[in-house]
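Colleague:
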Amino acid sequence: MNEVKEIQTLIAVKKLRVDSLFGKRKHYAASNRKSKYHNRLGISAIVLNIFVGSILFGYLCEAIPNTFKWVGAIMALGSATLAAIQTFFNFDKMVEGHSRIASSYLEIAKECIRVIGYYEDNIIDKVILKDELEKLALKYNKAVADAVAFPTENRDYIRAKENFAQEEGYTDAELKIGGV
Numbered sequence: 095m096n097e098v099k100e101i102q103t104l105i106a107v108k109k110l111r112v113d114s115l116f117g118k119r120k121h122y123a124a125s126n127r128k129s130k131y132h133n134r135l136g137i138s139a140i141v142l143n144i145f146v147g148s149i150l151f152g153y154l155c156e157a158i159p160n161t162f163k164w165v166g167a168i169m170a171l172g173s174a175t176l177a178a179i180q181t182f183f184n185f186d187k188m189v190e191g192h193s194r195i196a197s198s199y200l201e202i203a204k205e206c207i208r209v210i211g212y213y214e215d216n217i218i219d220k221v222i223l224k225d226e227l228e229k230l231a232l233k234y235n236k237a238v239a240d241a242v243a244f245p246t247e248n249r250d251y252i253r254a255k256e257n258f259a260q261e262e263g264y265t266d267a268e269l270k271i272g273g274v
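The C-terminal position of the sequence shown is numbered 274 in our numbering, with every residue numbered one higher than the one before it.
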């Protein structure tokens, strides 16, 4: 009977490790996606602003006033719109938040690896293993609660699932433990 509980506790630590790594992958995927949005919008706005503000554009406006004034106005409006979208969605804050959450999950996964190693090397017993699992579960629950402010999308989940086994180097058995 004790042997079953011991195995189940170890399985729970392994599952928590895989879940943490999966959470890390999802949040890094979201961070990368938001970073791309931030960069694309920012660079587009910069290019439009440079073009509208350039001397060349000023000379073109003098040569063909009405057409280029409207083009300039539309480009300025486009640039302002891109800047407004970037500000509204606050992509840089989202990138930082997703990266921070991903790092929290990674920290938990690494602690799980250490605890598993200690147990398998008989450095800690099943009572300490249970206590460590409880501590790790509290950290995991905090990471999940913190992640609420930085939601991921279905495509982040799909990307994490597709790349999980090959990028993290886990076996099918480990993936089954984590429910991935």
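A virtual CB, placed ideally from N, CA and C, is assigned to each residue, including glycine.
1) Would you identify the three-state DSSP class for D240, choosing helix, strand or coil?
2) Starting from D186, follow the alpha helix (DSSP H) in both directions and report where the run begins and ends.
3) Could you pull out every residue in the same chain whose Cβ sits closer than 7 Å to the Cβ of N96, ignoring the five residues on either side in sequence?
4) Tell me whether D219 sits in a helix, a strand or coil according to DSSP, three-state version.
5) Would you identify the three-state DSSP class for T246, choosing helix, strand or coil?
6) Please confirm whether S193 and S125 have their CB atoms less than 8 Å apart.
7) Rounded to the nearest angstrom, what separates F183 and S129 at their Cα positions?
8) What is the C-beta distance between Q180 and L135, in whole angstroms, given that I count them as a contact (C-beta under 8 Å)?
9) Ignore the nearest five residues each way along the sequence and tell me which others in S138's own chain have a CB closer than 7 Å to its CB.
10) Could you check what DSSP says for M95 in three-state terms: helix, strand or coil?
11) Rounding to the nearest angstrom, what Cα-Cα distance links N216 and K233 in this structure?
Modeller: Short version:
1) helix
2) F185 to E214
3) Confidence at N96 is low in this model, with a pLDDT of 47, below 50, so its placement is unreliable and the value that follows should be read with caution. So no residue of the chain qualifies.
4) Assignment of D219 by DSSP, reduced to helix, strand and coil, places it in the coil class.
5) In this structure, T246 counts as coil in the three-state DSSP scheme.
6) yes
7) 12 Å
8) 5 Å
9) The residues are L176.
10) Low confidence applies to M95: its pLDDT is 41, below 50, so where it sits in the model is not reliable, and the reading given next is rough at best. Note: M95 maps to coil in three-state DSSP.
11) 24 Å
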